[in-house]
C-alpha cells in the first residue's frame, strides 16, 4: 500500500464528541492527534486518513463517498435519510454510556399534554426533517423552524414547543420543561459507504476498526481479577464469583490450591473482593482492561 494513498478516509465528529472519540480510538489502539483548530488529524496508521467535521454532516459525506467510513449519531443518519451501512453501535458520549433521546418538550405550566395539542403551533429544533416527518405521520399541522442552538430557552416566548436531545434530562428540568413524547433514541454508530463496504480490502479494515472499537467499549467499567484459592472450597467460591465467562482455573505447584482469573464489573469489585478473601482466597489482584473482544 502506497504511503501517499491511505486505504480508508475516516469521518470523525468534531465538537462535543471529539475528545471522547479520540480517547476511544486511543484505547482501541489508534493515536489521533490534532492541533487546536485543525480539522485534519494525524493518525498513527498509514492505512488511515481522516477529517473532523460536524457529526450532523458525517453520514452525508459517507453516503457520497468522500469518507469510506465514519462515526456519527443514528439521529443524523435518520435526519439526512442517508443510505449507508451501519457497521456497529458505539454507545458513548461526552457525558455517559447511555443512549440519548430526542424529546418533544413544552414549559411545565403549558396546557399541552399530547402532540395533538400542538396543532397550529410553532416548534423549534435542529432536527427539522425528522420533526416534520413525525408530525406529518400523525396528521398534526405545525410549523417547524430550525434552531441554531440554545433551543431550550426559546419556549414559551419564541415558540410553543421544542424538540431537543437529552441524556439525563437535567438541562430540561433546569429550564422548567416537561417531556410530552420521545421521537427517537440515538447513539453513535460506526457507518460505511456501500461501495467501500463491497471492496474486500476496505471492508476488512473497516471490520478491524469496528472490532477494536467495540472491544475498547466493552472493557469500560470492567476489570480483570486474579486470585489463588484453596481447591477444597472451589465450588463455593465459583458460585460467588460473577464471571463474564466461566473463569479460568489453573493448577498451582501445591495440589491443594488453584489459580483463578476472570472479568467482572468494576462496580462490584469492592463487594466481591472482601467476600472472596473471607472464603479463603489469597493473592487477589485487580487490574484494568483496555479491550474485551467476544
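Numbering (our numbering), first residue to last: 56 to 349.
Note that beta-carbon positions come from the ideal geometry of N, C-alpha and C, so glycine has one too.
Quick caveat: nothing in here was measured; it's all calculated off a predicted structure.
{"Check": "Distance CB(residue 161)-CB(residue 232) smaller than 8 Å", "Outcome": "yes"}
{"Check": "Nearest candidate by alpha-carbon position, reference residue 302, set 76, 337, 69 and 282", "Outcome": "282"}
{"Check": "Buried versus exposed, by CB contacts within 10 Å (16 or more), residue 122", "Outcome": "buried"}
{"Check": "Exposure label - residue 336; buried when at least 16 CB within 10 Å", "Outcome": "buried"}
{"Check": "Contained beta strand (DSSP E) runs [length at least 3] in the stretch 116-145, N- to C-terminal order", "Outcome": "124-128 and 140-145"}
{"Check": "Nearest-angstrom Cα separation, counted from residue 88 out to residue 117", "Outcome": "22 Å"}
{"Check": "Straight-line gap, residue 252 to residue 139 (C-alpha atoms, nearest Å)", "Outcome": "9 Å"}
{"Check": "Per-residue burial, residue 66 [other beta carbons within 10 Å of its own, 16 or more giving buried]", "Outcome": "buried"}
{"Check": "Check whether residue 210 and residue 167 have beta carbons under 8 Å apart", "Outcome": "no"}
{"Check": "Helix, strand or coil at residue 324 according to DSSP, with G and I counted as helix", "Outcome": "helix"}
{"Check": "Cutoff 8 Å; reference residue 57; Cβ partners in own chain excluding five residues on either side", "Outcome": "Caution applies to residue 57, whose pLDDT of 46 falls short of 50 and renders its modelled position unreliable; the model cannot decide the point."}
{"Check": "Residue 218, buried or exposed, once every other Cβ within 10 Å from all chains shown has been counted against 16", "Outcome": "buried"}
{"Check": "Cβ neighbour criterion (16 or more within 10 Å) applied to residue 72", "Outcome": "buried"}
{"Check": "Boundaries of the beta strand (DSSP E) in which residue 85 is found, first to last residue", "Outcome": "Careful: residue 85 lies outside any beta strand (DSSP E) and carries neither H nor E."}
{"Check": "Collapsed DSSP secondary structure at residue 267 in the structure displayed", "Outcome": "helix"}
{"Check": "Backbone CA spacing between residue 290 and residue 327 [nearest angstrom]", "Outcome": "16 Å"}
{"Check": "Collapsed DSSP secondary structure at residue 312 in the structure displayed", "Outcome": "strand"}
{"Check": "Per-residue DSSP class, three states only, for residue 341", "Outcome": "strand"}
{"Check": "Local conformation of residue 329 per DSSP, three classes", "Outcome": "helix"}
{"Check": "Beta bridge counterpart(s) of residue 347 as assigned by DSSP", "Outcome": "The partner list for residue 347 (beta bridge, DSSP) is empty, contrary to what the question assumes."}
{"Check": "Length-filtered (3 minimum) beta strand (DSSP E) runs lying within the stretch 236-285", "Outcome": "243-247 and 277-285"}
{"Check": "Euclidean distance between Cα positions of residue 153 and residue 318", "Outcome": "22 Å"}
{"Check": "Secondary structure of residue 69, DSSP reduced to three states", "Outcome": "strand"}
{"Check": "8 Å contact criterion, which residue 321 and residue 348 should meet: CB distance rounded", "Outcome": "The Cβ separation is near 18 Å, so there is no contact."}
{"Check": "Where residue 336 sits in the DSSP three-state scheme", "Outcome": "coil"}
{"Check": "Residue interval of the beta strand (DSSP E) (run including residue 218)", "Outcome": "216-221"}
{"Check": "Cβ neighbour criterion (16 or more within 10 Å) applied to residue 74", "Outcome": "exposed"}
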